[in-house]
Amino acid sequence: MDIITTIKYVFLGLLQGLTEPIPVSSSGHLVIARELFGIEATGLSFEIFLNTASLIAILVVYRKDIISILQNLWRFVFKGARDNDAVTDFKYTICLIIATIPVGVAGLLLKDVIGDNISVGFVGVMLLFTGLALWFIKNKRGEKRDGDITVKDSIIVGLSQCIALTPGISRSGATLVGSIAVGLSQKNALRFVFLLYIPVSLGTALLSVGDIVNDPNMNTLWLAYLLAFIVTVIATYFAVKWLQNVMENGNLIYFAYYCFVLGAFSILYQLIWA
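Numbered continuously in the numbering used here, the sequence shown closes out at residue 315.
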């Protein structure tokens with residue numbers, strides 16, 4: 042393993058960490074980066090490996106929220122607590138579970154269809170769709186809080202997350218659009234999006250342990266994989282913090298512009314150079 046190869050994989054880790062939380066499609070960026078830099082990271086195991094690193098960072102960022110929800114859930118189920126916090130977090134947890142089901146089913150049904158043979162041009166088209174979706178909700182300011190989320194809202198957000206199984210469609214973007222479209226405030230939408238990310242990502246990681254362990258590149262590129270993993274954790278942490286600040290200032294539209302530019306570039310690249 043040479044130093045150039047290691048740098049390439051670390052770059053992919055940095056790219057994953059910076060783009061996973063924000064609504065610009067990390068999977069799409071990885072496809073583009075592999076094409077531009079000639080990185081032969083075939084299969085989904087490496088991407089899932091990095092996705093697990095992003096999961097760790099998100100768990101750290103939202104640790105207080107997670108602990109609070111788990112404590113209130115425990116009190117509601119096992120202690121019979123019926124105060125506002127306990128009831129709200131119980132309903133909130135049910136909504137998270139409901140929103141997870143569609144993508145879980147879709148992921149299992151399509152796992153053999155979703156692969157790494159995705160062209161840069163296809164990613165470009167999907168990025169344009171992501172940008173359009175962000176554009177349409179750029180001025181929407183919902184008022185729903187955590188306790189106002191309904192089963193219907195959860196189903197809509199869950200279905201929107203299914204669309205993000207396609208490289209180039211941002212998972213955080215799709216679920217943000219779905220959450221804001223059903224009336225959640227941007228702050229509460231962002232919280233719901235990332236808490237929803239946890240069971241989906243955790244489930245994917247657990248189901249893919251065998252694929253990651255048996256990855257043919259793991260024996261020769263273990264150091265590159267490890268460094269990429271560490272870089273992804275760090276980059277994801279700061280990207281989430283940055284996105285929280287962007288959402289507070291109502292600047293979601295800038296991600297739409299970015300998707301338009303990168304999408305157009307990707308399509309032109311496919312038509313002219315690929």
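Built from N, CA and C at the ideal position, the CB exists for glycine as well. Just so it is clear, the structure is predicted and the values come from calculations on it, not from any experiment.
Supposed close pair residue i, residue j - CB separation, criterion 8 Å
i, j, result
"G148", "S307", "Rounded, the Cβ-Cβ distance is 25 Å, inconsistent with contact."
"L91", "L243", "Their Cβ separation, rounded to whole angstroms, is 15 Å, which puts L91 and L243 out of contact at 8 Å."
"I239", "I99", "7 Å"
"L71", "L56", "7 Å"
"Q227", "M288", "5 Å"
"V164", "P208", "6 Å"
"A276", "G121", "Actually they do not touch by this definition, with Cβ atoms about 43 Å apart."
"S249", "I89", "5 Å"
"S160", "Q285", "Between Q285 and S160 the Cβ distance is about 33 Å, and since that is not below 8 Å, they are no contact."
Residue i, DSSP secondary structure in three states
i, result
"L77", "helix"
"K193", "helix"
"L293", "coil"
"K185", "strand"
"L312", "helix"
"L225", "strand"
"T207", "coil"
"K282", "helix"
"R212", "helix"
"R232", "helix"
Distance CB(residue i)-CB(residue j) smaller than 8 Å
i, j, result
"I17", "I221", "In this structure the chain extends from 42 to 315, so residue 17 is not present and cannot be described."
"F117", "A127", "yes"
"A94", "V274", "yes"
"L169", "G304", "yes"
"V272", "V144", "no"
"T141", "I110", "no"
"V102", "A269", "no"
"G188", "L225", "no"
Local Cβ density within 10 Å of residue i, reported as buried at 16 or more and exposed below that
i, result
"Y295", "exposed"
"D130", "buried"
"I63", "buried"
"P257", "exposed"
"S213", "buried"
"D124", "exposed"
"G69", "buried"
"V198", "buried"
"N180", "exposed"
"R104", "exposed"
"K193", "exposed"
"N113", "buried"
"L293", "buried"
Nearest candidate by alpha-carbon position, reference residue i, set the options
i, options, result
"A230", "I239, G69, T216 and P240", "T216"
"L175", "S66, L53, V51 and T261", "S66"
"L236", "S249, F279, N292 and D106", "D106"
"S201", "T171, R182, D187 and N180", "T171"
"I190", "N292, I44, L206 and L137", "L137"
"C203", "D43, W263, G219 and L293", "G219"
"I331", "A265, T60 and K132", "Lying outside 42 to 315, the shown extent of the chain, residue 331 is not represented and no answer is given."
"K132", "E88, R186, L284 and N180", "R186"
"V281", "I44, V234 and W115", "V234"
"D252", "S86, T47 and I73", "S86"
"T60", "L267, A74, N113 and G183", "A74"
"I44", "L247, L262 and L293", "L262"
"K49", "L150, A246 and L267", "L267"
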